[in-house]
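Colleague:
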Amino acid sequence: MTASFTKRPTTLFSRLTACAALTPMLTVAAIALVSFATPSLAQMAPDQTAAMSGRALKLAPDSPFRDPDVIYLEADELINDEAANLLTAIGEVEGRYQDRTLRANRVEYDLNTGLVLAIGDVVLIDATGDVQYADKLELSDELQAGTAANFTARLATGATTAARFVTRDEDGEFELFNVTYTACELCKNSEGKTKNPTWRLRARRVKQDAESRTIRYNDAVLELFGLPIFYTPYLAHPDPSQDRASGLLIPTIGNSGSRGFTTVLPYYWAIDDYTEATITPHIFSKVNPLLDIEARRKFHTGELNFAGSVTRGTLFDRNGDPLDDPSRFLLPGDAERGAEISSHFFVDGYFKPSDIWSYGYTVMLQTDDTYLRRYGLDTTFKTNGLIENEPLRNTTQAFIAGQGDNFRVSAVAVGFQDLRSQYFEDETTQLISLFRDDNTVLPIIAPRVQGEYYINDPALGGRFRLFGDASYLTRETGSDYGRATAGAEYSKTWIAPGGMEVKPFVWGRFDNYDIESNAGTEIGFSRTIGQAGVDLRYPFIRRGKSVDLIIEPRALYTESFGNSKLDEFFDPADGTLLIEDGSSPDLDSALLFEANKADGYDFFEEGRRINLGARFAARWDMAGRPSEAAIFAGRSFSDGVSDRFDPESGLSNDNSEYVAELDLNLGGFFKSNTWVRYDEDRDVFSRIDSTVSLDTKFVSLTGRYYTLDLPTLAIVPGTPQEEISGDITVRPFGGWSVGYSAVHDFDSDVTRTQRATLGYRDDCTLVEIYFQKQDFDNDVIRNDSTIGIRLTLATLGDLGSN
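The letter at position 178 of the sequence shown is residue 160 when you use this note's numbering, and the numbering goes up by one with no holes.
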């Protein structure tokens, strides 16, 4: 018996009403589709997941579709074949199960098998935003795809998969034939036709392996700009249902002047839910292979990160030739002794058991200074310690720190390994000279303990700060140093009548020193020092129709008291200065208004200073964006000062050097900052430092120029006195770009580094061809030229060569 109706209901409940008006058999068939005889919605778990999926349902808590026995079917015509137990919906069919929706011209539902067959303009929509299209689609009663013809899936991320035919076997494994995949958005041209994506992956056959949870490809071809660029007979990657899975990552094949033909084969190991590692063999044609390992372990309160590598070989130059021939060296003893084990070991742990307390450690060690640079390994390593790691210097430390609303306390122990050794080749003699830093003179700081505690003053509205610092360091070669400091500070800020900001302050501290020089001289002394002063600001603002003008004069007066006892820091045996905590400051607009201009505890300037400056600014809107031009000028004057800062500080005389700064911001498109220092006594600009940036639709540019004209004794050997650097990127059309960057040392008239690029970028692709050159004064290891290609495909990762 068959029955049909043509009235199109508008809701689930009107469908039930229409079905109830038919024969009892049709009513039973309808209730089989929309059954409320199952447990009530109140009994459904709040964390209920979608059928055949681990994801949470995207439904309202009281939605009837949370019931896994409810299927909703709506159409222009419904035919019930009772004999075949087959329900057929025809015309603008829409079906729904939980948070999945099916649309088609015709849908057949077999009540015996639970299979759904959708025919004609089939669309299957998932709550995640994924959409599947097909001419014909066979599904389970949970609207999970089975077989499909002319199948296309559009993911919420924009990625698209298409196949001529799709099957799903009894184990739930999918198999696709004549497949294409791309992560690029599919757009139409002016003629209404879909354009080819920037890249796509084609395969003859793709199969899902449910047991290993991987996707396997046969005869895969990668196309870029419509051209095939890579073929592999076999390719596999983890199933998208896996968060992480062990397996080979994308290999890298390249060429290096020093290492030769290079193959990098990374393997990712998902050890457990909290631990992962990447094990990477590096195979070279000129030198011995290397094994690189990175690992991470997550804990409830923190994490542990590790990076390390090992190889066995002889130190080699930029051409891959071993540096073990004594005849190549100015000092034959500097030659390497032959093949040895080389490695590096970096580990960083950081833990935060509460909102207040944290602790951690970092260990950074390597067998020789140039190891990471020689093998092209990553020299950066993310650390969480209190002491920041510097370039060309490894920092090993352990620390604990606590911070609350009104206090801060920390303790750290730290040691260093210098990596500044260099091999230089003489242009005339071709002999190599080795310049190696002495690690025995580097300090071991163990410990350094610091603390601060703040107390609000309820009477006057000011604030007290209690502070302390205890530091002790030792050296294998050089002086040992110990210091304990305790002090207090009080400050208050108020706005005086007329708008002037007034901030008086006073601080004092006690220092105790215990120093042993390299000559064995023991020096012990203590001192009590302090400072009082007032900081005054008086801003004036004039509002205009289009431009606001601001003038802000500022004055800081300080009076220091106590005996600095700087003469105690000199070793009476050889006159060596034993100051450890603090180097010479560098006067700029910010330091000008620091009360204590020393950047450490040891040096203290007696006497008094008055620091004067003013800032003039104009603000306006340009194309709806805030813009500003500002200039600052200032100078410091001292009196009664017996101990002076170093000549390069700008503060070594009674009257400091003039300091000025100019800022310009044009709507965020163009920015520049220039600051200068003028030495009146020598009639020279001792410093000029200028930066500029431009960012538009077609051009991005950054640049920096600086020059130093310091007293001869203040010049650090090897420091460039005049240098210009910058980069420019031009985007002429589409996603194409051309770029160039360089650093030029005027003193040596050498361009230290330069890089030129030609690239293409869109939402799913990055292609870059680059040339890079380095020139470091005949450096045997660092001087190099590289041509490389970088290819990044969204969802597939990076491919590269150099």
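Glycine included, C-beta positions come from ideal geometry on N, C-alpha and C.
Given Phe680, which residues of its chain have a CB within under 6 Å of its CB, disregarding the five upstream and five downstream residues?
Modeller: Here the set comprises Arg713.
Colleague: Per DSSP, Ser654 is paired with what?
Modeller: Partner(s): Leu646 and Val674.
Colleague: Per DSSP, what kind of secondary structure is Tyr353 in: helix, strand or coil?
Modeller: It is helical.
Colleague: Going by DSSP, which residues form a beta bridge with Arg88?
Modeller: DSSP output for Arg88 lists Ile72 and Ile101 as bridge partner(s).
Colleague: By Cβ distance, which residues of its chain are closer than 6 Å to Gln584, with the 5 residues on each side in sequence left out?
Modeller: Rather than Gln, the amino acid found at residue 584 in this sequence is Asp. So the list reads Ile561, Asp563 and Gly564, once near-sequence residues are dropped.
Colleague: What does the Cβ neighbour count give for Cys169, buried or exposed, with the cut at 16 atoms within 10 Å?
Modeller: Classification of Cys169: exposed, given that the 10 Å Cβ count is below 16.
Colleague: DSSP three-state label for Gly242, please.
Modeller: Looking at Gly242 - three-state DSSP - the assignment turns out to be strand.
Colleague: Does Ala33 come out as helix, strand or coil in the three-state DSSP assignment?
Modeller: Its pLDDT being 48, under 50, Ala33 is placed unreliably by the model, and nothing is read from it.
Colleague: Just to confirm my understanding: we take Glu738, look at its own chain, exclude 5 residues before and 5 after, and list those with CB closer than 6 Å. What are they?
Modeller: Inspection of the sequence shows that residue 738 is occupied by Ala rather than by Glu. Cβ within range, chain order: Tyr722 and Phe753.
Colleague: With distance defined between alpha-carbon atoms, name the residue in Thr362, Leu548 and Asn287 nearest to Asp625.
Modeller: Closest by alpha carbon: Leu548.
Colleague: Taking C-alpha atoms, which residue in Leu55, Thr377 and Lys364 lies nearest to Val345?
Modeller: Nearest C-alpha to Val345: Thr377.
Colleague: In three-state DSSP terms, what is Phe619?
Modeller: If DSSP states are grouped into helix, strand and coil, Phe619 belongs with the strands.
Colleague: Hey, out of Pro314, Ile592, Leu93 and Glu318, whose CA is closest to Asp306's CA?
Modeller: Closest option to Asp306, Cα to Cα, is Glu318.
Colleague: Between the beta-carbon of Ser267 and the beta-carbon of Gly229, is there less than 8 Å?
Modeller: Taking 8 Å as the Cβ cut-off, Ser267 and Gly229 do not qualify as a contacting pair.
Colleague: Who are the near neighbours of Leu633 in its chain, counting only those whose CB is closer than 6 Å to its CB and skipping five residues on each side?
Modeller: Only Leu569 and Phe627 meet the Cβ criterion.
Colleague: Does the count of Cβ pairs from the segment 432 to 439 and the segment 382 to 397 closer than 8 Å reach three?
Modeller: Cβ pair count under 8 Å is three or more, so yes.
Colleague: Keeping to the same chain, check which residues put their C-beta closer than 6 Å to that of Asp792; ignore five residues upstream and five downstream.
Modeller: What the structure shows of the chain is the stretch from -17 to 784, and residue 792 is not part of that stretch, so it cannot be assessed.
Colleague: When DSSP labels each residue in this structure, what does Gly315 get in the three-state scheme?
Modeller: Helix.
Colleague: Nearest CA to the CA of Thr260: which residue from Ala393, Asn132 and Val246?
Modeller: For Thr260, the nearest C-alpha among the options comes from Val246.
Colleague: Taking the alpha carbon of Arg597 as the point to measure from, which residue in Phe575, Ile533 and Asn200 has its own alpha carbon closest?
Modeller: Per the Cα distances, Ile533.
Colleague: I think Ser542 touches Glu587, with their Cβ atoms under 8 Å apart; what is that distance to the nearest whole Å?
Modeller: Ser542 to Glu587, Cβ: 6 Å. Contact.
Colleague: I'd like the span of the beta strand (DSSP E) that includes Pro429, first residue to last.
Modeller: Run containing Pro429: Ile426 to Asn438, per the beta strand (DSSP E) assignment.
Colleague: I'd like to check one pair, His326 with Gly290: are the Cβ atoms closer than 8 Å?
Modeller: Going by C-beta atoms, Gly290 is nearer than 8 Å to His326.
Colleague: Consult DSSP for Ser22 and reduce its assignment to one of helix, strand or coil.
Modeller: Confidence in Ser22 is poor, its pLDDT being 36 and thus under 50, which makes the residue's placement unreliable; the coordinate value appears in the next sentence. Note: Ser22 maps to coil in three-state DSSP.
Colleague: So Gly284 and Lys334 are in contact, right, with Cβ under 8 Å, and what is the actual spacing, rounded?
Modeller: Sure, about 6 Å apart at Cβ, within 8 Å.
Colleague: Whole-angstrom Cβ separation of Val104 and Val98, contact assumed at under 8 Å?
Modeller: With a Cβ gap of about 10 Å, Val104 and Val98 do not count as contacting.
Colleague: If the criterion is Cβ atoms closer than 8 Å, does the pair Ala165 and Gly140 meet it?
Modeller: Taking 8 Å as the Cβ cut-off, Ala165 and Gly140 qualify as a contacting pair.
Colleague: Give the C-beta separation of Ala380 and Ser392 to the nearest angstrom, bearing in mind that I take them to be a contact with Cβ-Cβ under 8 Å.
Modeller: Contact flag wrong, Cβ pair sits at about 12 Å.
Colleague: Looking at the strands, I want to know which residues DSSP matches up with Met808.
Modeller: The chain is shown from -17 up to 784; residue 808 falls before or after that span and cannot be answered.
Colleague: For Tyr785 and Thr361, I'd like the C-alpha separation in whole angstroms.
Modeller: With the chain covering only -17 through 784, there is no way to say anything about residue 785.
Colleague: What separation, rounded to the nearest whole angstrom, lies between the Cα atoms of Asn765 and Arg664?
Modeller: Cα-Cα distance, rounded: 38 Å.
Colleague: Quick check: the Cα distance between Thr110 and Val725, rounded to an integer number of angstroms?
Modeller: Taking the straight line from one Cα to the other gives about 49 Å.
Colleague: What does the alpha-carbon distance come out to for the pair Asp299 and Arg355?
Modeller: Approximately 11 Å, taken between the alpha carbons.
Colleague: Leaving out five residues on either side along the sequence, give the residues of the same chain with a beta carbon under 6 Å from the beta carbon of Ile613.
Modeller: Within the same chain, Ile613 has close Cβ partners Phe598 and Leu644.
Colleague: Name the two residues that bound the continuous beta strand (DSSP E) containing Ser542.
Modeller: Counting along the chain, the beta strand (DSSP E) containing Ser542 begins and ends at Val529 to Gly544.
Colleague: Do Gly331 and Thr296 count as a contact pair if the criterion is CB distance below 8 Å?
Modeller: For Thr296 and Gly331, no; Cβs fall outside 8 Å.
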